[in-house]
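Protein chains in written order, with the numbering used here: chain C, 1 to 142; chain A, 1 to 499; chain H, 1 to 324. All C-beta atoms, glycine included, are put in the ideal place defined by N, C-alpha and C. Single-structure report; data block below.
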Amino acid sequence: MDTPVERPLRILLAKLGMDTHTVGVTIIAHALREAGMEVIFTGLKQTPEMVAAAAVQEDVDVVGISTLSAGHMRNLPKLARLLREAGAGDKLLLAGGVIPQEDKALLTEAGVHKIFTMGADTREIVAYLRGWWTERQAADAA
Amino acid sequence: MTKLSGPIRAANDNLADDLARWEAETRGPFLSSHPERRDPFVTQALGWPIKPLYTPADLEAVGFDYRTDLGFPGEYPYTRSTKPNGHRSQFWTMTQVTGFGKGQAWAKRARYMLDQGLSGLILEYDLATTNGYDSDDPMVEGEVGRAGMALDSLEDLEAAFDLPFDRLKYLMSVCNAPQPVNLAMIIAALEKKGVDPRDFVLHIVNGILIEYTCVGRYIYPPEHGLRIAADCIEYIIRNHPNWAPLSIIAAQLQPAKANPVQEIAFSLAIACAYIDATLARGLTIDEVAPYMNHFVVNVDMDFFEGICKLRAFRKCWARLMKERYGATSADALKIRLMTSPTTIALTLQQPLNNIARLGIMATACALGGALKAIERGYFQSALGREQYERNRDLEEGRRKWVGVNHLTLPEEKREIEIFRLDDAMEEEQVAKVRALRARRDQPAVDAALDKVREAARNGGNLVPVCLDAVRLYATHGELCAAMRDVFGTHAPDAQLAGV
Amino acid sequence: MTVGIASVEIATGVIAGRIAAGARAIRWLDDRDPRGAAVLGAIYGATGRAHIVGITGPPGAGKSTLSDMLVAELRRRNRRIGVIAIDPSSPFTGGAILGDRVRMARHTLDPHVFIRSIGTRGAAGGLSRSTHDAALVFDAMGYDIVLIETVGVGQDEIDVVNLAHTTIIVGVPGLGDEVQAVKAGLMEAGEIFVLNKADRDGYEAAHRQFGLMLHLRANARPDDSWAPPLLRAVASRDEGADVIADALEAHLAHLKAGDGFARRSGRRACAQMVNLVHARAAAALLRLPEATRLLDAVSACEIDPYSAAERLLAGSRNDSEGAA
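This is the structure in structure tokens:
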């Protein structure tokens, strides 16, 4: 094969639930685009079912959820379960927004791989994603 | 003041020369051994350069005239205050936001707050309600009663209004997109409680245009959103003239990272859209303006800019009413400012620091005492750019935020408890609305919902038809859906601001 | 890398219409992963059935909203639809924000609608470099219609007409685009013309201009057996979808009445082969040691680019003759 493999990381960004605050997700989307990633935005007011369906159709590597409406203890575990059921359990599931420290353990156990809360530095998020992506591609190649 | 102006004027004559001398002889040499710790010093919100020293010469340089540019408190253009005696005669009115869980929970909390001496309350609904869904809609699973009180039907407000109305004189209610439904629910609930509407002020925020601009809790396309808002405004002006039908929520622009200039400009443009829509109902500017002059403004940690912003708001409003609309009554020219410290400056980390932040912002509050553009995404895209730029300032350390990028504590233990809603509440609320639907007079409800669709189609005022339906226990979600059938839903060009 | 087994598994899934398999195949093709070409080879026999429809027009014409409305209408007609929504990638970072799904969110849970967002990744002309391939995957999956929504196009970036059986050109009144469209050569391309946002001021003027251009086009092509309709839509209010869907069906029938459908599919395949040969041959030539030397010489202005290219091609011809 003559042409090289080029794999920019693809990430689905979604707002789960009824909260419509887009400042955080806007900043993240711009930062990830500047880092050379392909960001697919689903829009607002998504249910876990809609996010899981979009993640499969778009064959993204990462699903990033923004949630500020306190429904996270219910809708994030549900999304993790739906992704597993759709055979997409290998996708990295990230969450950000207003998520208290003490909820993190339960969410991690439910299948959320990493949580970035208020004040997280976008450069830290980019570095985390790049590191994960390098490892994932190395594992795929092996 | 006249006495003082004499000596100041005289001092100005050679002040510029003295200033040059001071710079050369005193400040200059000092700077050579003590360079400034920041280059340049700029204001926090606008990034305007800050000089090391201001003197009357600066005012003279811009042609400042005390009478026309500032004026006296209580007189046009009201820059310093709309009241002639500041806060020396009366304190400002203090209110607090509250709302969570079921109606009963709200009533309990409201009674507690009345017992603490408040006379006004702000009722917040959950996101299911403000987005126009009932609690049993699959779209809102997990969010019922979380960010505010759950409202499905008149039953819920009957429970919430189990209050001593002899002590509750002012209620503000926030429910922008479904406003006629909410207004009808409250009117019907007050009727049930036997409250005389003349002896009580209901203030509906009715701020749908700000939802399209930056908040996002819209349902219908903007032209219908504005029509719905105007229906409510007209209904209140004509039926309950002592109530307040609108707030212009500049406060939402500020956490969306509008700078103070954008905040004033965008919110006045929004006010003009409401005013024009209401004037089209056959009212005059002097009748309308006193209902349109209520602005909710946030003040952030940028202390002096916050104070200046409030002063600029008063002056801009007075001039807008006088020069653009030809208003003449004093009530039309005076803006009413409701200020609040911004929650966006507060942090989940090290929460006790928030007390100091709130103190600074509240002090600034006390001292400081447009439709086409929305459809085309102008505001949204302008805000998107600001959001990204301001975030970079924070990340690159040009702005310090304790607990976030400065003096952070790894693995900190939070000193305060978080309020958590009992998960059973949602199931109970869902069961309650389903039981209601099963026992009410369904054919009557269906007919009332048809009347709402008909009014939506033919342009009749939506409030009276919603009121009829609410009295029959049509639910909030059903009424919002009936309007959705006619108006459709809003799909903006840019849901991700700035894209 | 186990190209073989993985590709067979995905190809089988594509032909069985499984969404996850189709999604993965498109990803491989977009990433130029060798497994993608293997899948394409395996599924090619199952292609050739779908009606491929392009939607193009200037930025701000409301293409996404129109696509959303059209998908809803086609679903009412019981068609299964694959949507390829293309947004620009940043030429500097390669990153992209793909936001077309937002306006099609109501179809997310419909099992008969598959929406895929694709970044241009350096391709010009309003398409992404993998649009052809993604359309073939949707075709093999059994979707009746593949809807391709291009990037907002300017003057002559209308590659979609080479790919689609039917191209819908979307115009809009009031942006001064009437004149733009005339200049752009857009009017020479499509088969269906839609004036969206028809409730806006300037609709009549835009309609007159479009009508005139279509009249001139008909005069210039006396042999053209298809007369492009000029339709009216207000996509934000779901108005006009039925007539657009009718026109799509009429054009499909028109193509199938003659040999138009097969001819366009053949033309597309040929164009794709030519593109591939261009890309591969250029890449192969530029990997030769001689290429590096010549590029250095061109860079140092020691030789002109024409002579250098000629010399590189001559050298490679000699090599291949020598090898034979």
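{"Check": "Length-filtered (4 minimum) alpha helix (DSSP H) runs lying within the region 75–142 of chain C", "Outcome": "104–110 and 122–141"}
{"Check": "Simplified DSSP state of A/E375, which is helix, strand or coil", "Outcome": "For A/E375, the pLDDT reaches just 48, beneath the cut-off of 50, and the residue's location in the model is therefore unreliable, leaving the point undetermined."}
{"Check": "Contact set for H/R24: own chain, Cβ-Cβ below 6 Å, skip 5 residues either direction", "Outcome": "I10"}
{"Check": "Within 8 Å of chain A by C-beta, residues of the region 225–240 of chain H in sequence order", "Outcome": "S236, R237 and D238"}
{"Check": "Span separating the alpha-carbon of A/T68 from that of A/P77", "Outcome": "8 Å"}
{"Check": "One or two residues paired with H/I55 in a DSSP bridge", "Outcome": "H/E149 and H/I168"}
{"Check": "Close Cβ partners of H/R79 (< 7 Å) along its chain, the five nearest in sequence each way excluded", "Outcome": "D144 and I145"}
{"Check": "Classification of H/C270 by the beta-carbon crowding that lies within 10 angstroms, buried from 16 upward", "Outcome": "exposed"}
{"Check": "Chain H contacts made by the region 39–52 of chain C, where a contact means CB separation under 7 Å", "Outcome": "V39, I40, F41, T42, G43, E49 and M50"}
{"Check": "Close beta carbons around A/L121, own chain, < 8 Å, minus the five adjacent residues each side", "Outcome": "T95, Q96, T98, A110, M113, L114, L168, Y170, L171 and M172"}
{"Check": "Segment limits, alpha helix (DSSP H) that includes H/L186", "Outcome": "L186 to A189"}
{"Check": "Under the three-state DSSP convention, the category H/S114 falls into", "Outcome": "The displayed chain sequence assigns Phe, not Ser, to residue 114 of chain H. Note: H/F114 maps to strand in three-state DSSP."}
{"Check": "is_contact[H/T120, chain A] using C-beta, thresh 9 Å", "Outcome": "no"}
{"Check": "Cβ of H/T65 within 9 Å of any chain A Cβ", "Outcome": "yes"}
{"Check": "Where the beta strand (DSSP E) through H/E302 begins and ends", "Outcome": "That residue, H/E302, is in no beta strand (DSSP E); it is neither H nor E in DSSP."}
{"Check": "Residues that C/V63 contacts on chain H, provided the C-beta gap is smaller than 9 Å", "Outcome": "Near C/V63 there are no residues of chain H at all, since even the closest Cβ is about 14 Å away, more than 9 Å."}
{"Check": "For A/N298, three-class secondary structure by DSSP", "Outcome": "strand"}
{"Check": "Boundaries of the alpha helix (DSSP H) in which A/M172 is found, first to last residue", "Outcome": "Not the alpha helix (DSSP H): A/M172 falls in the beta strand (DSSP E), residues Y170 to V174."}
{"Check": "DSSP beta-bridge partners of A/M149", "Outcome": "A/Y125"}
{"Check": "Closest Cα partner of H/G174 within the set H/N196, H/E149, H/G190 and H/D201", "Outcome": "H/D201"}
{"Check": "C/M18 at chain A interface by Cβ criterion, 9 Å", "Outcome": "yes"}
{"Check": "Cβ-based burial, H/A300 [other Cβ within 10 Å; buried from 16]", "Outcome": "exposed"}
{"Check": "Cα-Cα separation, A/L371 to A/A273", "Outcome": "Its pLDDT being 41, under 50, A/L371 is placed unreliably by the model, and the measurement read from it follows with that caveat. About 6 Å."}
{"Check": "Own chain, CB closer than 8 Å to A/E305, minus 5 neighbours either side, in chain order", "Outcome": "T43, Q44, A45, L46 and P260"}
{"Check": "Contact list for C/R74 against chain A, beta-carbon separation under 9 Å", "Outcome": "E141, G142, E143, D423 and E426"}
{"Check": "Span of the beta strand (DSSP E) around C/K15", "Outcome": "R10 to K15"}
{"Check": "Residue-chain proximity (H/L294, chain C), Cβ-Cβ < 9 Å", "Outcome": "no"}
{"Check": "Within chain C, the residues that H/L109 reaches when beta carbons sit closer than 9 Å", "Outcome": "T47, E49, M50 and A53"}
{"Check": "Three-state secondary structure assigned by DSSP to A/L163", "Outcome": "coil"}
{"Check": "The region 135–153 of chain A touching the region 66–74 of chain C, judged by at least three CB pairs closer than 8 Å", "Outcome": "yes"}
{"Check": "Simplified DSSP assignment, three categories, for A/G101", "Outcome": "coil"}
{"Check": "Nearest candidate by alpha-carbon position, reference H/L127, set H/G54, H/E310 and H/S316", "Outcome": "H/G54"}
{"Check": "Minimum Cβ-Cβ distance from H/D139 to chain C less than 9 Å", "Outcome": "no"}
{"Check": "At least three beta-carbon pairs within less than 8 Å, the region 41–54 of chain C to the region 9–22 of chain C", "Outcome": "yes"}
{"Check": "Simplified DSSP state of A/S267, which is helix, strand or coil", "Outcome": "helix"}
{"Check": "Contact set between C/S69 and chain A, taken where Cβ atoms lie within less than 8 Å", "Outcome": "L127, E143, R146 and A147"}
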